[in-house]
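Please read the structure below before turning to the comments.
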Amino acid sequence: MKKIPVVIVSGFLGSGKTSFLQIMIEQCIENKLKPGVVLNELSEENVEDHLFSGNPLYEILGGCICCTLKSSLKQVFEELLTKQAHTPIDILFIEGTGVANPLELKNVVIRDEFKKYFEFHSLVTLVDASNFLDFKSILWTSKNERELMRQQIISADLICVNKTDLVKQVKLDKVIAKLNEDVQSSAIILKTTHAAIPLSTILRLKTDKGNENVIKHPVHHSGIKAVQLKGIKNIERQTFIDWFNNQPDLLRAKGIITFKEDKQFYSFQYAANQLAISPVRFNRDPIIVLIGNGTKIENLKEDFIEKVDSRKLVN
Ligand SMILES: [Zn+2]
Numbered sequence: 001m002k003k004i005p006v007v008i009v010s011g012f013l014g015s016g017k018t019s020f021l022q023i024m025i026e027q028c029i030e031n032k033l034k035p036g037v038v039l040n041e042l043s044e045e046n047v048e049d050h051l052f053s054g055n056p057l058y059e060i061l062g063g064c065i066c067c068t069l070k071s072s073l074k075q076v077f078e079e080l081l082t083k084q085a086h087t088p089i090d091i092l093f094i095e096g097t098g099v100a101n102p103l104e105l106k107n108v109v110i111r112d113e114f115k116k117y118f119e120f121h122s123l124v125t126l127v128d129a130s131n132f133l134d135f136k137s138i139l140w141t142s143k144n145e146r147e148l149m150r151q152q153i154i155s156a157d158l159i160c161v162n163k164t165d166l167v168k169q170v171k172l173d174k175v176i177a178k179l180n181e182d183v184q185s186s187a188i189i190l191k192t193t194h195a196a197i198p199l200s201t202i203l204r205l206k207t208d209k210g211n212e213n214v215i216k217h218p219v220h221h222s223g224i225k226a227v228q229l230k231g232i233k234n235i236e237r238q239t240f241i242d243w244f245n246n247q248p249d250l251l252r253a254k255g256i257i258t259f260k261e262d263k264q265f266y267s268f269q270y271a272a273n274q275l276a277i278s279p280v281r282f283n284r285d286p287i288i289v290l291i292g293n294g295t296k297i298e299n300l301k302e303d304f305i306e307k308v309d310s311r312k313l314v315n
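Quick note, the sequence shown lines up with residues 1 to 315 if you use the working numbering.
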């Protein structure tokens, strides 16, 4: 049996990993390659599953496959291998959570029990050019989080410096200079908007250090977690936007919401003090996911309910 190449997709919270995966899937299909995707979220529900409808997707939710849910990843591998006989895939993408240590994921791929079937292909790390310097600053993140970001960068075969349309050249130069302190000499750095990378670039990455176990000092991130708010309807648009101003304890947020003003469905994304809201063309129960450090994120959830949810009703 031909081994299934595995591409590990890493990147800090909100760096564009999901966009990257969508682009990879599209291009795989155009090139008659059947992709498989393993998607991991800290939250109990995936608020972006609509983006993958119609494609083989394995979701691992409510924790992180680099640590607490490592055994779930092994189960997914076993399931995938049993399906390989009738619905084979040609390439597998594994997207870790924004705080995953990609080397921990790689270590599962190269385990003795799987290395007959899977072959580590490459590790791609996305970086959000617009907030990378903020996330590297002590004002925004803890020492542990910064070390995780460093490991995501140091272990990458390709660094995708994403969202370059949101930054001026001077800032972009600073981001690249900062990255160069950590990247491997053999790694490629690409500047992108919307994570648009040709599949051919990824396929060419194939490294020969595939089966090396490189992790020496794993860093864990038990402090970071996701909280969910459900059943919130008819939020006032301006109250919602105002709440996201000045939230230094909020690392990331996303979800599907409706506004009182027009009752339409919107998806929103928040990372490093930037909030983006865009209309969506489907209906689903509104859900909000907030990601941050332990007790701080519980407090933020309470604050959100207090200030934004006039009904004060959550799950
Ligand atoms: Zn983890």
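Backbone N, C-alpha and C fix where the C-beta goes; we use that ideal spot for every residue, glycine too. Since the model is a prediction, treat every value here as computed from it, not as a measurement.
In terms of side-chain proximity, the C-beta atom of residue 67 is found nearer than 7 Å to a non-hydrogen atom of ligand 1.
Under DSSP, residue 253 forms a beta bridge with 270 and 290.
For residue 115 and residue 8, the gap between their C-alpha atoms comes out near 15 Å.
In the assembly as shown, residue 29 is an exposed residue. Its beta-carbon has fewer than 16 other beta-carbons within 10 Å.
Rounded to the nearest whole angstrom, the C-alpha separation of residue 129 and residue 195 is 11 Å. Short note on residue 100: C-beta closer than 7 Å to some heavy atom of ligand 1. Excluding the 5 residues flanking it on each side, residue 76 has same chain C-beta neighbours closer than 8 Å at 38, 58 and 60, in chain order. For residue 279, the secondary structure class from DSSP, reduced to helix, strand or coil, is strand. Ranked by how close their Cα comes to the Cα of residue 84, the residues 111, 52, 264 and 35 have 35 in first place. In the DSSP secondary-structure assignment, residue 5 is bridged to 119. The DSSP assignment places complete alpha helix (DSSP H) segments of no fewer than 4 residues inside the segment 148-212 at 169-180 and 199-203, in order along the chain. Secondary-structure assignment with DSSP links residue 228 through a beta bridge to 289.
Residue 64 has its Cβ nearer than 7 Å to a heavy atom of ligand 1. If you draw a 10 Å sphere on the C-beta of residue 177, you find fewer than 16 other C-beta atoms in it, and that means exposed.
As the crow flies, the alpha-carbon of residue 179 is around 23 Å from that of residue 248. Excluding sequence positions up to five before and after residue 163, its CB lies within less than 6 Å of the CB of 128, 129 and 130, all in the same chain and listed in chain order. Secondary structure of residue 125 (DSSP, three-state): strand. Straight across, the Cα-Cα distance linking residue 199 with residue 26 is about 9 Å. A Cβ-Cβ distance of about 7 Å is found for the pair residue 288 and residue 232, placing them in contact under the 8 Å criterion. By the criterion of at least three beta-carbon pairs nearer than 8 Å, the segment 5-19 is not in contact with the segment 257-265. Residue 61: member of the beta strand (DSSP E) spanning 57-61, first to last residue. A residue is called buried once 16 or more other Cβ atoms fall within 10 Å of its Cβ, and residue 121 is buried on that count. The DSSP-derived three-state label of residue 33 is coil.
Residue range 102-109 is occupied by the alpha helix (DSSP H) that includes residue 104. Three or more Cβ pairs drawn from the segment 43-51 and the segment 222-231 lie within less than 8 Å of each other, which places the two stretches in contact. Comparing alpha-carbon positions, the option among 279, 103, 16 and 186 lying closest to residue 161 turns out to be 16. C-alpha of residue 280 to C-alpha of residue 286: approximately 12 Å in a straight line.
When DSSP states are grouped into helix, strand and coil, residue 23 belongs to the helix group. Nearest C-alpha to residue 155 among 134, 184 and 95: 184. About 5 Å separates the Cβ atoms of residue 40 and residue 97, confirming a contact at the 8 Å cut-off.
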